[in-house]
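Below is one structure, written out as structure tokens, with a few remarks after it.
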Amino acid sequence: MFSELHSKAAQATVARFHHTLSVLSELKESGYNVGQLKRQAPTEYRSVTYNQSGFDLDEKRGHDKYAYVRFSKIGWVKIRYSRPIPDNTTINEVTFKKETTGEWFVSVALETDDDNLPEKPDVDSLDASNSVGIDLGIRNYIHTSDGKTVDWLDLEDDYDRLRREQRRLSRKDHGSRNYERQRQKVAKVKRRIRRKVLDYQHKLTTWLVTEYDAVFVEDLDVTGMLRGDGNARNKQDAAWRQFINLLDYKADLYGTHVVQVEPAGTTKECARCGVETAKPIWVREHSCPSCGFETDRDANAAINVLQRGFAELGLG
1 MFSELHSKAA
11 QATVARFHHT
21 LSVLSELKES
31 GYNVGQLKRQ
41 APTEYRSVTY
51 NQSGFDLDEK
61 RGHDKYAYVR
71 FSKIGWVKIR
81 YSRPIPDNTT
91 INEVTFKKET
101 TGEWFVSVAL
111 ETDDDNLPEK
121 PDVDSLDASN
131 SVGIDLGIRN
141 YIHTSDGKTV
151 DWLDLEDDYD
161 RLRREQRRLS
171 RKDHGSRNYE
181 RQRQKVAKVK
191 RRIRRKVLDY
201 QHKLTTWLVT
211 EYDAVFVEDL
221 DVTGMLRGDG
231 NARNKQDAAW
241 RQFINLLDYK
251 ADLYGTHVVQ
261 VEPAGTTKEC
271 ARCGVETAKP
281 IWVREHSCPS
291 CGFETDRDAN
301 AAINVLQRGF
311 AELGLG
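With the UniProt record's numbering, letter number 85 in the sequence shown gets 85, and the count goes up by one each step, no holes.
Listed below in structure tokens is the structure:
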């Protein structure tokens, strides 16, 4: 099989496999029950990556939003842009992938010169008026240190539809044409949910990095959150790591400081005096027995995140 792949594509495939083994090994050493890798049939392997070479992009052959990519040992493939490739960038990697919906996509990884990126504000110019701390929650998606709250998406209708389509799938004969058609319907509903989440997070993170000069956010143990009791599906929907990753990459794109801080104790610690008070999850108000400071539980946590962010930058 590897003889039919370009050498760079084969190397990228092996590198991904090695990375997966390394991650599983680290999890196992940390006490997680990770099991073993299952053999993946060639028909289930849906993506190939060309790194640095083995591909050519020809934009002149296309019209408007179209172009052509030549993959070594595959040939020319016509693609439609979701957005134009920016000037002054270098294509480092191209991946083509077959989604579970049956559609094919090409993703392009670009490298740009740092000189083309906006400069970030001087750290000494940061204060509470142009910086924000964010508490990532479930009741509210985010709560900011300056008192703003943003609710999460209402996806109940989408999940109702997903459950209906999954029930229909369970009644089909596995491997039949009807099964495959219904499986693609399920995949399209899941894709719709993923796209809604990603679009929402893009809009929210763009607002944050354009509204503030510095954004401070908790470095959450996402896996730990999902293992906890409570509304696990909502926590999964929140896709915290994706949200934080979007903030990180937009920090350079828009010239904003984005700093992740230690999350431990942000809810318990009083933002005014620092005294810690245990709070069960159902207690939504912060009331400090030491200094009398009272505010919303998430607002208190967001202020603590802001203060820790300043300390991380040497301003505390």
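The C-beta atom is built at its ideal place from N, Cα and C for all residues, glycine as well. In this text the structure is predicted, and so the values were computed from the model without any measurement.
ask   = Nearest-angstrom Cα distance between N77 and K250?
value = First, the amino acid is wrong: residue 77 is Val here, not Asn. Rounded to the nearest angstrom, the two C-alpha atoms are 31 Å apart.
ask   = Could you give the C-beta distance for K172 and Q182, rounded to a whole number, given that I count them as a contact under 8 Å?
value = 5 Å
ask   = Once you ignore the five residues that flank Q166 on each side, which residues in its own chain have a CB closer than 7 Å to its CB?
value = V186
request  = Give the DSSP bridge partners of W207, in chain order.
outcome  = In the DSSP output, where bridge partners are listed per residue, W207 has none listed.
Exposure of Y141, with buried meaning 16 or more beta-carbon neighbours within 10 Å = buried
key: Validate contact between the region 283-301 and the region 143-156 using beta carbons, cut 8 Å, 3 pairs   = yes
task = Report the residue from G292, D296, G31 and T101 whose alpha carbon sits nearest the alpha carbon of R194.
result = T101
Close Cβ partners of P263 (< 7 Å) along its chain, the five nearest in sequence each way excluded = E218, D219 and L220
ask   = Is there contact here, the region 92-101 with the region 25-33, by at least three beta-carbon pairs under 8 Å?
value = no
request  = Could you check which residue in P86, L37, Y50 and T256 has the C-alpha nearest to that of R70?
outcome  = Y50
request  = Give the straight-line distance between the Cα atoms of L315 and R163, rounded to the nearest whole angstrom.
outcome  = 50 Å
ask   = DSSP beta-bridge partners for F105?
value = K97
Local Cβ density within 10 Å of L117, reported as buried at 16 or more and exposed below that = exposed
request  = Rounded to whole angstroms, what's the CA-CA distance from M1 to H19? Just pull it up for me.
outcome  = Bear in mind that the predicted position of M1 carries a pLDDT of just 43, short of 50, making it unreliable; the figure below should be weighed with that in mind. Approximately 21 Å between the Cα atoms of the pair.
ask   = Shortest alpha-carbon distance to E156 belongs to which of D122, N130, K196 and L136?
value = K196
ask   = With C-beta atoms as the reference, is S287 less than 8 Å away from E294?
value = yes
task = Ignore the nearest five residues each way along the sequence and tell me which others in V261's own chain have a CB closer than 7 Å to its CB.
result = F216, E218, D219, V305, R308, G309 and E312
message = Quick check on the burial criterion: 16 or more other C-beta atoms within 10 angstroms. Buried or exposed for G31?
response = exposed
inquiry  = If the criterion is Cβ atoms closer than 8 Å, does the pair F96 and S53 meet it?
reply    = no
task = Give the secondary structure of T202 by DSSP, where H, G and I count as helix, E and B as strand, and everything else as coil.
result = As written in the sequence, residue 202 is His, which differs from the Thr given in the question. DSSP places H202 in helix when its eight states are reduced to three.
query = Excluding the five sequence neighbours on either side, which residues of its own chain have a C-beta within less than 6 Å of the C-beta of A214, listed in chain order?
reply = L126, S131 and H257
query = Taking C-beta to C-beta, are L204 and V150 nearer than 8 Å?
reply = yes
inquiry  = With H, G and I counted as helix, E and B as strand and the rest as coil, what does DSSP make of E59?
reply    = coil
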